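Numbering (the working numbering), first residue to last: 55 to 552. Glycine included, C-beta positions come from ideal geometry on N, C-alpha and C. Just so we're clear, the structure is a prediction, and the values are computed from it rather than from any experiment. Working notes, beginning with the structure itself.
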RNA sequence: GGCGCUAUCGUCUAGGGGUUAGGACGGAAGAUUCUCAAUCUUCAAACCCGGGUUCGAUUCCCGGUAGCGCUACCA
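What follows is the structure, encoded as structure tokens:
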């Protein structure tokens with residue numbers, strides 16, 4: 055025995071919570087799923103716990119490799135990471151063992167009834183389906199005999215009936231929940247092909263992986279009664295449940311790609327130029343609040359402030375526009391605002407580095423040094439990263455695209471004034487250093503000499519150089535653009551004036 | 001149909017037996033700079049309906065209505 059054993063850390067004695075995000079790869083990564091991931095992650099980090107990523111891929115028919123990609127693509131973009139990773143399809147033996155253990159305890163039975171054609175009962179307005187009559191009360195001998203003869207069957211949970219029993223659990227968000235067992239149908243554990251159902255696989259894995267907190271969408275709230283039954287039948291401890299209000303479309307319906315298009319897919323936001331930290335901030339504000347009116351929250355802030363108590367119960371609308379006119383209009387205005395705010399708060403070097411690949415992908419030849427000079431001029435003028443293409447276009451091209459020569463004419467001025475301004479500017483600019491202060495002094499002096507207002511002096515130059523009226527401040531722009539390009543563009547503008 | 005959940009400005013939300021019902025986005029108006037943007041100021045904008053409890057309900061209780069979810073050998 056060593057006389058100085060390694061002291062146990064407190065964390066070793068009290069392991070942190072274990073949470074999981076368990077998407078099924080049957081479609082792209084949904085923004086609602088992304089929020090569920092984020093809340094789980096925040097809970098794990100906040101409480102020094104473990105974040106488990108588990109692919110719930112027991113539905114072989116509907117799984118796609120493309121979907122797996124989409125999930126990882128989305129999660130990678132968020133950049134939050136996870137600690138452990140599992141695939142349900144690799145844990146089938148565990149699920150089957152769990153199902154048969156439940157059967158051995160007499161809490162499940164074989165159902166030899168052929169599978170339903172699911173949609174028929176979805177639309178059916180008749181009474182609640184609870185179980186297929188006849189099979190639930192088959193004697194074990196009869197059941198064994200038919201199984202031995204090779205007759206296919208599903209394994210169903212035998213929900214206690216007619217005894218006034220109740221399933222109950224305490225949800226961290228929705229409070230005490232209870233439901234009469236008589237209202238719970240005999241759900242399937244195993245399909246007739248032997249594959250586990252979602253309910254069984256999910257609970258068996260949660261128990262096996264030691265999940266302590268299940269944080270998931272409210273669409274699972276009523277499923278939880280079944281899950282509670284499974285955990286009990288497994289003799290496993292029951293995790294703490296916390297259900298999240300759903301994210302819905304402006305029309306109040308659940309977000310779906312079919313109905314609502316790309317706005318429900320996480321990668322759409324990445325591709326449109328959202329910053330992951332800003333989008334995480336936005337998503338967190340949907341269905342959760344720090345209760346102190348703070349809205350601009352960094353990841354660090356969120357980690358510090360996130361609690362299950364801050365989650366509310368009503369569904370939240372993602373306020374996008376259905377017929378989207380422009381890219382920016384299709385998104386929730388608050389998400390766009392948060393993104394713009396985050397962009398403004400980024401150090402220039404950081405923002406510039408994020409902008410550079412976008413500009414280069416658009417086939418502009420710019421280097422990092424140039425981008426670094428352009429960035430401060432557009433930082434307050436872009437809301438999405440991709441806006442850089444429209445905001446900085448005139449810095450990036452050699453030849454300005456065609457513009458309306460009428461724009462060259464200043465307020466309360468005429469063509470003659472425009473021409474005079476540009477000719478004067480041409481002469482003045484040729485002889486000075488292209489730095490903010492000299493440009494400022496020279497052009498203001500020139501305006502005074504011509505007897506016109508500074509604004510009247512600047513507009514024709516701005517249009518000649520930028521190809522439009524709305525652009526960053528003039529002197530900074532000229533400085534970045536340089537003397538050669540400036541003079542060339544002014545030279546090209548002069549003949550355009552009639 | 002059955003069961004469950006929910007209900008504060010257009011949207012996200014704070015609040016809670018007595019408040020001018022607070023903040024944010026978006027909208028409108030104004031200030032400011034060489035345009036735009038940013039920034040600042042101001043304004044408009046909400047407690048689903050009906051009962052009950054109470055001196056007093058937007059808040060608590062019940063009912064209604066509406067929305068959403070589940071009701072598959074999908075997850």
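Item: Residue from 90, 390, 426 with nearest C-alpha to residue 535; Value: 426
Item: C-alpha distance - residue 186 paired with residue 197, whole-angstrom precision; Value: 15 Å
Item: For residue 371, three-class secondary structure by DSSP; Value: strand
Item: CB contact flag (residue 433, residue 408, <8 Å); Value: no
Item: Pairwise C-alpha distance: residue 288 and residue 262; Value: 10 Å
Item: Stretch-stretch touch, CB-based, cutoff 8 Å, three pairs: the stretch 250-265 with the stretch 276-294; Value: yes
Item: 8 Å Cβ cutoff met for residue 132 and residue 330; Value: yes
Item: Cβ-based neighbour list, residue 138, same chain, cut-off 6 Å, excluding 5 preceding and 5 following; Value: 106
Item: Residue closest to residue 551, alpha-carbon to alpha-carbon, out of 273, 247, 462; Value: 462
Item: Residue closest to residue 89, alpha-carbon to alpha-carbon, out of 531, 335, 158, 479; Value: 335
Item: Cβ distance (whole Å) where residue 100 is taken to contact residue 357 below 8 Å; Value: 5 Å
Item: Inter-stretch contact (C-beta, 8 Å, three-pair minimum) for the stretch 295-307 and the stretch 145-155; Value: no
Item: Stretch pair the stretch 456-475 + the stretch 512-525: three plus CB contacts closer than 8 Å; Value: yes
Item: Whether residue 493 touches residue 541 by CB criterion (8 Å); Value: no
Item: Segment contact, 8 Å Cβ cut-off, at least three pairs: the stretch 504-513 with the stretch 468-487; Value: yes
Item: Residue 209 and residue 162 closer than 8 Å at C-beta; Value: yes
Item: Secondary structure of residue 271, DSSP reduced to three states; Value: strand
Item: Nearest-angstrom Cα separation, counted from residue 442 out to residue 487; Value: 28 Å
Item: Span separating the alpha-carbon of residue 72 from that of residue 430; Value: 43 Å
Item: Rounded straight-line distance, which links the Cα of residue 193 to that of residue 169; Value: 21 Å
Item: Chain-order list of residues whose beta-carbon lies under 6 Å from that of residue 76 (same chain, five-residue window excluded); Value: 108, 110
Item: Reduced DSSP secondary structure (H/G/I, E/B, other) of residue 532; Value: helix
Item: Cβ contact check for the stretch 206-221 and the stretch 232-242: 3 or more pairs under 8 Å; Value: yes
Item: Secondary structure of residue 231, DSSP reduced to three states; Value: strand
Item: Residue 327 burial status per 10 Å Cβ neighbour count (16 or more: buried); Value: buried
Item: Pair within 8 Å by beta-carbon distance, residue 86 and residue 392; Value: no
Item: Buried versus exposed call for residue 437 [16 or more other C-beta atoms within 10 Å across all chains shown]; Value: buried
Item: Cα-Cα separation, residue 62 to residue 266; Value: Because residue 62 carries a pLDDT of 45, less than 50, the predicted location of this residue cannot be relied on, and no value is offered for it.
Item: CB-CB length for residue 529 against residue 96, believed under 8 Å; Value: Rounded, the Cβ-Cβ distance is 45 Å, inconsistent with contact.
Item: Residue span of the beta strand (DSSP E) that contains residue 294, given as start and end; Value: 294-298
Item: Exposed unless 16 or more other CB atoms sit within 10 angstroms - verdict on residue 177; Value: Any reading at residue 177 needs caution, since the residue's pLDDT is 43, under 50, leaving its predicted position unreliable; the model's value is listed next. Exposed, since its Cβ has fewer than 16 Cβ neighbours within 10 Å.
Item: Strand pairing of residue 211, partner residues [DSSP]; Value: 162
Item: Best match in 141, 134, 74 for proximity to residue 122 [C-alpha to C-alpha]; Value: 141
Item: Close-in-space but distant-in-sequence residues of the same chain around residue 175 (CB under 7 Å, 5 per side omitted); Value: Bear in mind that a pLDDT of 48 at residue 175, under 50, signals an unreliable position, so the number given afterwards is only what the model happens to contain. The residues are 183.
Item: Backbone secondary structure at residue 167 - three-state DSSP; Value: coil
Item: Where residue 205 sits in the DSSP three-state scheme; Value: coil
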